[in-house]
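Residues 0 to 126 (numbering that gives the first Met the number 0) are what the sequence shown spells out, left to right.
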Amino acid sequence: MQMGRGRFSILSAVALCLTVLSCSTKSNPVAGTTPDVIISIKANSSQLGSRAYWPSPDTVLVGTKVAWKNNDSMAHTSTQRTGAFTWDTGPISPGTRSVVVTMTAPGNYDYICTAMMHTMKGVLVVK
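Pasting the structure below:
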């Protein structure tokens with residue numbers, strides 16, 4: 000039985016996408032681990048844009064364990080979805096600390112809060 004060109008092209012595209020996605024390094028957030036660095040989410044941060052996370056930019060070494068502390072009155076996230084290394088802390092409740100994310104790949108990472116209508120942005124440089 001012959002496979003049509005269209006079906007072969009679709010299967011090839013799916014295989015290529017799966018290969019590319021498998022090359023991406025995803026984070027392994029760990030609850031209960033002590034962070035080496037804590038990045039603060041400032042009070043009233045949803046209105047601060049690129050000044051919401053402090054320090055930002057921050058520079059850490061590969062292997063550094065990072066967490067985010069929410070000093071605001073609403074839940075936020077630290078989410079980085081593109082590039083060689085991605086993470087998502089999930090919601091960080093007011094007054095609490097996120098799970099720890101171990102930075103495993105060097106790069107400049109722009110991260111955001113994914114809560115609706117927030118324009119919060121941060122930068123983490125991993126060397």
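Glycine residues also receive a C-beta, built at the ideal position from the N, C-alpha and C atoms. No experiment lies behind these values; they were computed from the predicted model shown.
- Within the DSSP bridge table, the entry for Asp71 names no partner.
- In the structure shown, Gly121 falls within a strand segment according to DSSP collapsed to helix, strand and coil.
- In the DSSP assignment, Asn107 falls within the beta strand (DSSP E) that extends over Gly106 to Ile111.
- In this structure, the alpha-carbon of Gly94 lies about 17 Å from that of Val36.
- Here DSSP, grouped into helix, strand and coil, assigns Ser92 to coil.
- The straight-line gap separating the alpha-carbon atoms of Ser49 and Ala42 is approximately 13 Å.
- In chain order, Ile40, Lys41, Ala42, Asn43, Ser44, Ser45 and Pro93 place their CB closer than 8 Å to the CB of Asp71, counting only its own chain and leaving out the 5 sequence neighbours on each side.
- Cβ-Cβ distances below 6 Å link Asp109 to Val122 in the same chain, with the five nearest sequence neighbours on each side left out; the list follows chain order.
- Sequence-distant partners of Thr63 (beyond 5 residues in either direction) whose C-beta falls short of 8 Å from its own C-beta, in its chain, are Asp35, Val36, Thr101, Met102 and Val125.
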